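Engineer: For reference, each letter of the sequence shown is one residue, going 0 to 72 in numbering that gives the first Met the number 0.
Backbone N, C-alpha and C fix where the C-beta goes; we use that ideal spot for every residue, glycine too.
Computed from a predicted model, the values in this text were never measured in an experiment.
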Amino acid sequence: MKARVAERGQVTIPKALRKKLGIKPGMILDFQIKKSTLIAVKLGERDVIDSVYGCLKLKKSTNQLIKELRGKG
Numbered sequence: 000m001k002a003r004v005a006e007r008g009q010v011t012i013p014k015a016l017r018k019k020l021g022i023k024p025g026m027i028l029d030f031q032i033k034k035s036t037l038i039a040v041k042l043g044e045r046d047v048i049d050s051v052y053g054c055l056k057l058k059k060s061t062n063q064l065i066k067e068l069r070g071k072g
């Protein structure tokens with residue numbers, strides 16, 4: 000399969016390849032060069048930070064926590 004490189008260096012992975020490899024929006028790909036070949040390796044579903052975002056449920060708002068940590072003075 001072929002894909003054209005856009006002016007800003009972007010390449011669209013053909014739909015058939017995305018489907019076959021299970022590549023979805025937000026996935027991380029690692030690009031490597033072996034001799035003169037470009038290799039894209041699927042690393043995971045999402046960035047590590049994104050995967051833990053929102054996992055803590057706080058009983059107080061962020062502003063309340065900041066006020067407590069800084070003190071009331």
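#1: Looking at chain D, is there any beta carbon in it that lies within less than 9 Å of the beta carbon of Met26?
#2: To the nearest angstrom, how far is it from the Cα of Leu16 to the Cα of Ile32?
#3: Work out the CA separation of Leu20 and Gly43 for me, nearest whole Å.
#4: Using 8 Å for Cβ pairs, my map puts Leu28 next to Lys41. What's the rounded Cβ distance?
Structural biologist: Well, looking at it:
#1: Among the chains in the structure shown there is no chain D, since it carries only a single protein chain.
#2: Sequence index remark: in the sequence shown, residue 16 carries index 17 (1-based). Sequence index remark: in the sequence shown, residue 32 carries index 33 (1-based). In a straight line, the C-alpha of Leu16 is about 20 Å away from that of Ile32.
#3: On the sequence shown, residue 43 is found 44 positions in, with the first residue counted as 1. On the sequence shown, residue 20 is found 21 positions in, with the first residue counted as 1. For Gly43 and Leu20, the distance between alpha carbons rounds to 12 Å.
#4: Within the sequence shown, the letter at position 29 stands for residue 28. Within the sequence shown, the letter at position 42 stands for residue 41. Indeed they touch by this definition, with Cβ atoms about 6 Å apart.
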